[in-house]
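Chemist: Would you mind keeping the following structure in view while I ask a few things?
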């Protein structure tokens, strides 16, 4: 139940993060003229920037509203342990964050697979550095 509460609060900012991730990926997509061999590094650098900024934003947006004493008092008066509250926040943030990054990455992969030259076919694993 706590997970869904945190999910509803965090999912409001999902479109903003998806747009930011899509813009960063679009900037780093190779053109048809110059296919580089470091495609995974280009994509991972774009993803890291957006991921870090969105992780900070989602963490602040999940905790700052509950810093007010009346909200915090109500939250801690419930028969739910602080560990469960923390885990619900962490897993909801992880789920929303994963969606915000995965969907633009899959769209970028689909575009790369459709326009890649035959000498450099694109696969989903080619977008992830270090895998």
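Numbering (my numbering), first residue to last: 59 to 189. We treat Cβ as the ideally placed atom computed from N, Cα and C, and that holds for glycine.
(1) I need the DSSP call for residue 108, collapsed to helix, strand or coil.
(2) Excluding the 5 residues flanking residue 157 on each side, which residues of the same chain have their C-beta closer than 7 Å to its C-beta?
(3) Pick helix, strand or coil for residue 82, following the three-state DSSP scheme.
(4) Determine, using beta-carbon pairs with one atom in the stretch 67-82 and one in the stretch 107-115, whether at least three such pairs fall under 8 Å.
(5) Thinking residue 162 and residue 83 are a contact (beta carbons under 8 Å), I'd like their distance in whole angstroms, please.
(6) Taking the continuous alpha helix (DSSP H) assigned at residue 162, which residues delimit it?
(7) Just verifying my parser: in three-state terms, what is the DSSP assignment at residue 137?
(8) Smallest Cα separation from residue 67: which of 136, 102 and 150?
(9) Once DSSP output is grouped into helix, strand and coil, what is the label at residue 87?
(10) Beta-carbon within less than 6 Å of residue 147's beta-carbon, same chain only, minus the 5 sequence neighbours each way: which residues are those?
Modeler: Taking the definition as stated:
(1) helix
(2) 72
(3) helix
(4) yes
(5) 5 Å
(6) 140-173
(7) coil
(8) 150
(9) coil
(10) 64 and 120
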